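For reference, the structure discussed in these notes is given below.
Chains as they are written, first to last, in the working numbering: chain A, 1 to 178; chain B, 1001 to 1175.
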């Protein structure tokens, strides 16, 4: 039903997510969060989504960790020697409820790799797979969709990143990142 | 970056009560590791950006990977000296160049009489592929520049500089 490697990775991801939530030391929580991102990235690769996996590894495990580390430089460790944060029953209940509601939708998802999924049967997918190389001369159909067929979206995404940087500069009231 | 320069990084060490939490720790191990790893990560980032046309990857992933090199250098040699080395003005200019490249690729084809991003109208053999690679490169420049900029911006806030020397009324003109 589920292979050994995915099972181990899923266990790692869940353990790291729980550790991130309950660890008292912020530095330890950030390290657990980085490990969580790395585990998710490996799961993406297992699910045949290397593009998403690369993004998750670079952004989630790499850059976000460094940004978090910078952010906690101004914090101090809460007093006490406890390793774990004491759990708030209300928050725990809400979290369990949300996970339960989300998990109840899992049954509606098609099995991994199924040929019956709407995406695999869609005419749009067939069109891209059949025509991407002839029309765009690139072998990666994902890139063909992102940079050619739906290039307008991608240009907007790139400009949104630019706008985020400009927004930061406006908030800081500066002209350069310093 | 030489060893001498790395000494400048001491300036951004912040005393937050716990010495092990200061922003910069001068460690020969980290410096040596970053020196060895950085060129490979940089090359890999450029590879992801360019080769995204034929394998997994693209401008966003490659850009973040390239910016990771700057982040590594900053962790190893100090944020302050790395920022001076990169030069913040150059960073902003670079991002502007990236946006211009992306807009040029999109609207340039319209100017040549084609549709938006219709690479075929450019009279260069195989331009569709080169055009897509250039488009991805522009995205990569934007993403790497902005991620590096966010890092420097956060670091400046974390080391407590900047805000103190600014009059709060300065911001009124912006809004």
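Don't be surprised by glycine CBs; every beta carbon is placed ideally from N, CA and C. It should be emphasised that the depicted structure is a prediction, and the values quoted were computed from it without experimental measurement.
According to the DSSP secondary-structure assignment, residue 84 (chain A) is paired through a beta bridge with A:23. Around residue 1034 (chain B), no beta-carbon contact reaches into chain A at under 9 Å, the shortest distance being about 13 Å.
With respect to the 8 Å criterion, residue 9 (chain A) and residue 53 (chain A) are not classified as neighbours on the basis of their beta carbons. Taking CB atoms only, residue 33 (chain A) has no neighbour in chain B less than 8 Å away. From the listed residues A:151, A:113, A:123, A:25, the smallest Cα separation to residue 46 (chain A) is found for A:113. In the displayed model, residue 109 (chain A) falls within coil according to three-state DSSP, outside both helix and strand. Distances from the CA of residue 1054 (chain B) to each of A:31, A:136, A:168 were compared; the closest alpha carbon is that of A:136. Taking residue 1155 (chain B) as reference, the option from A:17, A:151, A:94, A:69 with the minimal CA-CA separation is A:69. Contacts with chain A at 8 Å (Cβ-Cβ) do not include residue 1043 (chain B). Looking at the backbone, the Cα of residue 144 (chain A) and that of residue 138 (chain A) are separated by about 6 Å. In the same chain as residue 35 (chain A), and ignoring 5 residues on each side of it, the C-beta atoms closer than 6 Å to its own belong to 16, in chain order. Of the residues assessed, residue 1083 (chain B) falls on the buried side of the cut-off, its CB having 16 or more other CB atoms within 10 angstroms. Between residue 1132 (chain B) and residue 148 (chain A), the C-beta gap is smaller than 8 Å, which places the two residues in contact. By the Cβ test, the segment 1141-1153 of chain B is in contact with the segment 1061-1080 of chain B, since at least three Cβ pairs between them sit closer than 8 Å. Beyond the five residues adjoining it in sequence on each side, residue 153 (chain A) comes within less than 6 Å, by CB distance, of no other residue in the same chain. Within the segment 1135-1156 of chain B, the residues whose Cβ lies closer than 9 Å to any Cβ of chain A are, in chain order, 1135, 1136, 1138, 1139, 1142, 1143, 1145, 1146, 1147, 1148, 1149, 1150, 1151, 1152, 1153, 1154, 1155, 1156.
Only 135, 136, 137, 138, 139, 140, 142, 143, 144, 146, 147, 148 from the segment 125-149 of chain A bring a Cβ to less than 8 Å from some Cβ of chain B. By the neighbour-count definition (other C-beta atoms within 10 Å, threshold 16), residue 121 (chain A) is an exposed residue.
If you draw a straight line from the Cα of residue 105 (chain A) to the Cα of residue 1111 (chain B), it is about 48 Å long. Around the Cβ of residue 51 (chain A), a 10 Å sphere holds 16 or more other Cβ atoms; the residue is buried. DSSP places residue 74 (chain A) within a helical segment (H, G or I) once states are collapsed to three. In this structure, the straight-line span from the alpha carbon of residue 1079 (chain B) to that of residue 1089 (chain B) is close to 16 Å.
Note that the segment 168-178 of chain A does not touch the segment 1112-1127 of chain B; fewer than 3 beta-carbon pairs, one per stretch, sit closer than 8 Å. The alpha-carbon separation between residue 1107 (chain B) and residue 79 (chain A) amounts to approximately 58 Å.
DSSP places residue 2 (chain A) in the coil class of the three-state scheme, outside both helix and strand. Rounded to the nearest whole angstrom, the C-alpha separation of residue 1028 (chain B) and residue 92 (chain A) is 44 Å. Taking a contact to require three or more Cβ pairs closer than 8 Å, the segment 1098-1106 of chain B and the segment 1029-1042 of chain B do not qualify as touching. Between residue 141 (chain A) and residue 129 (chain A), the CB-CB gap stays under 8 Å.
Taking C-beta atoms as the reference points, residue 158 (chain A) and residue 1139 (chain B) count as a pair closer than 8 Å. Close to residue 54 (chain A), with beta-carbon spacing below 7 Å, are these residues of chain B in chain order: 1048, 1056, 1057, 1061. Contacts with chain B (Cβ-Cβ distance below 9 Å) from the segment 63-76 of chain A involve 63, 66, 67, 69, 70, 71, 72, 73, 74, 75, 76, listed in chain order. Excluding five sequence positions before and after residue 1058 (chain B), the CB atoms of its chain that fall closer than 6 Å to its own CB belong to 1052, 1136, given in chain order. Listed along chain B are 1055, 1056, 1057, each with a C-beta nearer than 9 Å to that of residue 50 (chain A). At a cut-off of 8 Å between C-beta atoms, residue 80 (chain A) does not count as an interface residue with respect to chain B.
Close CB contacts of residue 1065 (chain B) within its chain, under the 7 Å cut and outside five residues either way in sequence, are with 1041, 1044, 1045, 1048 (chain order).
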